[in-house]
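Numbering (our numbering), first residue to last: 111 to 366.
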C-alpha cells in the first residue's frame, strides 16, 4: 500500500469532486493521502476533506509564494493544528524562483512563524524550497526545526542538501519529477537517499509523472513515482511502498 504524502485535491482542478480520485487511489494501491494547505482562506476546505474521509489527512499553513494570502501568526496556526486530522504545519518555506528580492524578508518571516508553530504543537513541518536551499537550511537550523522534523517536499536539490536536511531529522519526498527524462541528477539523489528516509508524493494537480506528464495529476499516480524509485534503487516496488508508508506514519504520528 502506498501513501501520497503531498497533494492539493481541494483545488478547483477537480470539478468532479474527490470520489473518483479515491476510487482511482484504491485501484492503484494508494491507501492514504495528505491534502496540504496553501492558504488560510482554503484551509476550511482542506480540513473538510480530511474530516469526511478516513484515509485523507490535512495540514495547515500558507505557501511561500502566496503574497496575497492572509498572513498567519503562531497562535492561529497552533489553534488550527489542534484538530486531530491536522498532522503537519505547512506547506511553508522559501521560493525565490518567482519572487523579487523585496519579497525575501516577508517570506523568511512567514517561514519562521510556521517553524515556531510547529515547535509549539510538536507537529512536523512540510517544507517547500525553490532556488533557496541555503537560506531554507539556515532558517530551519536557526529556529530549531530539528526538534520536530518534517519533510522536504517535491525534492529537486542536490544530495548534499538532502543529507543536511536528513541530519536535522527531515525526510526527503520525491514527486513525478523523478520520472522526467531530464531528471538524471535527481534520480541519482533518489538512488542515494536511504529507504528509511524517503517519501513519495504527487503534488497533484501539478507535475504528473510519466506516462501522464502534461495531464492533470492525482494521488493514484504516486504509484509511478514509487516504480521509478524502485527502478533506480534496484529494489521492488513493494519495498518502496512498505518503506515510504512506514515513514509517513512514523513522521505524521497523529495520522497513525
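Heads up, the beta-carbon is just placed ideally off N, CA and C, and yes, glycines get one too.
At least one CB of chain C closer than 8 Å to the CB of residue i: is that the case?
i	result
residue 120	Absence of chain C from the displayed structure is noted, only one protein chain being present.
For residue i, count the other beta carbons within 10 Å of its own beta carbon; 16 or more makes it buried, fewer makes it exposed. Which is it?
i	result
residue 297	buried
residue 231	buried
residue 114	buried
residue 325	exposed
residue 130	exposed
residue 257	exposed
residue 229	buried
Among the options, whose alpha-carbon lies nearest the alpha-carbon of residue i?
i	options	result
residue 249	260, 144, 225, 166	225
residue 183	168, 116, 154, 216	216
residue 305	343, 334, 204, 332	343
residue 151	132, 186, 144	186
residue 176	347, 238, 164, 251	238
residue 188	280, 116, 334, 233	233
residue 143	302, 112, 256	112
residue 149	140, 133, 170	170
residue 117	332, 363, 349, 320	332
residue 160	174, 145, 172	145
residue 287	322, 201, 174, 128	322
residue 292	312, 273, 266	266
residue 141	165, 180, 128, 246	165
residue 253	181, 278, 264	278
residue 214	246, 201, 280	246
Would you mind reading off the limits of the alpha helix (DSSP H) that contains residue i?
i	result
residue 180	That residue, residue 180, is in no alpha helix (DSSP H); it is neither H nor E in DSSP.
residue 223	214-231
residue 347	347-361
residue 287	Premise fails: residue 287 is in no alpha helix (DSSP H) and is neither H nor E.
residue 205	Residue 205 -> not in any alpha helix (DSSP H); beta strand (DSSP E) instead, spanning 196-205.
residue 246	243-252
Since residue i and residue j are thought to touch, with beta carbons under 8 Å apart, how far apart are those beta carbons, to the nearest angstrom?
i	j	result
residue 361	residue 261	7 Å
residue 242	residue 205	7 Å
Going by beta-carbon coordinates alone, are residue i and residue j separated by less than 8 Å?
i	j	result
residue 236	residue 198	yes
residue 162	residue 330	no
residue 310	residue 290	no
residue 308	residue 357	yes
residue 351	residue 328	no
residue 120	residue 155	yes
residue 340	residue 354	no
residue 334	residue 345	no
residue 195	residue 167	yes
residue 220	residue 174	yes
So the beta strand (DSSP E) residue i belongs to, where does it begin and stop?
i	result
residue 116	112-117
residue 169	166-170
residue 322	It is not in any beta strand (DSSP E) - residue 322 carries neither H nor E in the DSSP assignment.
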